[in-house]
Structure formats: structure tokens, C-alpha cells
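Residue numbers (our numbering): 73 to 300.
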């Protein structure tokens, strides 16, 4: 936490850990913070002894300020299976969190990937399964939808950097989701984003970020100006 006099060379204000930590969980592979809420992914964690299904952990700042602590709540998917890698990427905005599971077999499609929305219950965060599950309408095997995610207010974005838009191999796509009027629900995308200059192996969607009505998508395999 920024000291009163401004940022300075320092050690951490607090250290966060999982109450059920085990070897190889990879807690901290992804993190996000919004106001007094933080989320940490552990995509190799074995919830319910389901191998590498993955989990995410919510931390709420105590009244006296951040302190060394274990989680307030643990999040998991209701349909968890081995090697889904839920928690490889996480994002939180206010009372809404999104967690990607890029190896989940959405609709039985191998490694198509999914993302899960969690909304803080009225009584506060608690161990829970998802409020909604997000999937792509055009899902295909090994798309890795959910490899990147971001949420801001009522808008979420999910990257799938191995999609083949227009038949262009691994050009990649990103998917916009807007919260329905009645609240988040299981749904496919509101819109699909692609690059105007897409080319094979651009991997558009490998990273995404959303802020209100603006979205930013990375394509780390693109060759701008012919620079490989």
C-alpha cells in the first residue's frame, strides 16, 4: 500500500496465502485487485481432489487494513474437471469477478475453454460456484477461450488466441460480454472482435484489458510492417 509520503523502496504491506496450500498449486499465477477486494488464481490447485481443475481465492481487506492473511473465500467451477486450469487468469471489478479456464471442454469440445463470472452475494463473499458461465458461440477444439480475461463494470472481455477467424490459422479473437438487464447469466458473446489485418499465428487475444467502454487486445505474434 502506498505510504503517505508516496511510493518508496519497500517490502510488502501484506502477504496473502491459501489456507489449503499444497505443493504445485501455483497460487499467484494470476492476480487482480479492485478497491478492498483482491483475487488470486491457482490453476494447478486440486479442488475436491480434481487434479489441476484450478481455483481462485478472494481476499477482502480487513477493517484495520491489509495484513498477512489467508483467503476470505475460495472460488471454483460447478462443472470442474481435471486440467481445466481454472484460475490461469483472473480479473475483479467491484463486486464482479471473472476467472478463465482455457482448457475446459465447453459443450464437450476439447480445450475450447470457458470463463466464469462470480458476483459477490449480499452477505459478502463466500465459498461459492459461479454465477454464470461464458462461452463462445463459434467454439472449436483448442481455441483456448479464457486464456485472457478482464472485467469492468457491466462489460467483460475474453481472449481466445488460437481461434481461426475467417479460416486464418491461430489469428485469434476476443469476445465481448455485456451483462443482461436481469443480471449475469450463462451466455455466449455480445460481440466478437478480430483484427482488420489478421494473419496466421498473430495470436490476437493472448492478452486483453477492459475499462468501461474501451477494450484493448494484444496480438504478440503479429508482424507489423513486416517485422516478425
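Cβ coordinates follow ideal geometry from the N, Cα and C atoms, glycine included. None of the values given here were measured: they were computed from a predicted structure.
Check                                                                                                                                                                            : Outcome
Drop a sphere of 10 angstroms on the beta-carbon of residue 197, count the other beta-carbons inside from all chains shown, and report buried for 16 or more, exposed for fewer. : buried
Assign residue 94 to buried or exposed, taking buried as 16 or more other Cβ atoms, counted over all protein chains shown, within 10 Å of its Cβ.                                : exposed
Between the Cα of residue 194 and those of 251, 168, 185, spot the shortest distance and give me the residue it belongs to.                                                      : 168
So, using beta-carbon positions, are residue 129 and residue 152 closer together than 7 angstroms?                                                                               : no
Give me the residue from 127, 275, 132 with the minimum Cα distance to residue 236.                                                                                              : 275
Grouping DSSP H, G and I as helix and E and B as strand, with all else coil, what is residue 180?                                                                                : helix
Tell me where the beta strand (DSSP E) around residue 113 begins and ends.                                                                                                       : 109–114
Considering residue 171, what are the terminal residues of the beta strand (DSSP E) in which it resides?                                                                         : 168–173
Three-state secondary structure (DSSP) at residue 100?                                                                                                                           : strand
Tell me which residue opens and which closes the beta strand (DSSP E) that residue 217 is part of.                                                                               : Looking at the DSSP string, residue 217 is not in any beta strand (DSSP E), and its letter there is neither H nor E.
When the Cα of residue 91 is compared with those of 78, 73, 114, which residue comes out closest?                                                                                : 114
Which partner residues does residue 146 have in the DSSP bridge list?                                                                                                            : 129
DSSP three-state call for residue 298: helix, strand or coil?                                                                                                                    : helix
Just the Cα atoms here: how many angstroms apart are residue 120 and residue 190?                                                                                                : 19 angstroms
Helix, strand or coil: which one does DSSP assign to residue 293?                                                                                                                : coil
Does any residue of chain D have a CB that is nearer than 7 angstroms to the CB of residue 243?                                                                                  : The displayed structure is made up of one protein chain only, and chain D is not part of it.
What's the C-alpha gap between residue 166 and residue 263?                                                                                                                      : 23 angstroms
For the candidate residues 96, 287, 134, 203, whose alpha-carbon lies nearest to that of residue 252?                                                                            : 203
State buried or exposed for residue 105, treating a residue as buried only when at least 16 other CB atoms are found within 10 Å of its CB.                                      : exposed
From which residue to which residue does the beta strand (DSSP E) around residue 273 run?                                                                                        : No beta strand (DSSP E) holds residue 273; DSSP gives it neither H nor E.
Which one of 110, 273, 148, 139 has the shortest CA to CA distance from residue 117?                                                                                             : 148
Using the Cβ count rule (16 or more neighbours within 10 Å means buried), how would you classify residue 154?                                                                    : exposed
Under 7 angstroms Cβ to Cβ from residue 127, same chain only, skipping five residues before and after it: list those, please.                                                    : 114, 117, 119, 146, 147, 148, 158, 159
Alpha carbon to alpha carbon, how far is residue 205 from residue 261? Give it in angstroms, no decimals.                                                                        : 11 angstroms
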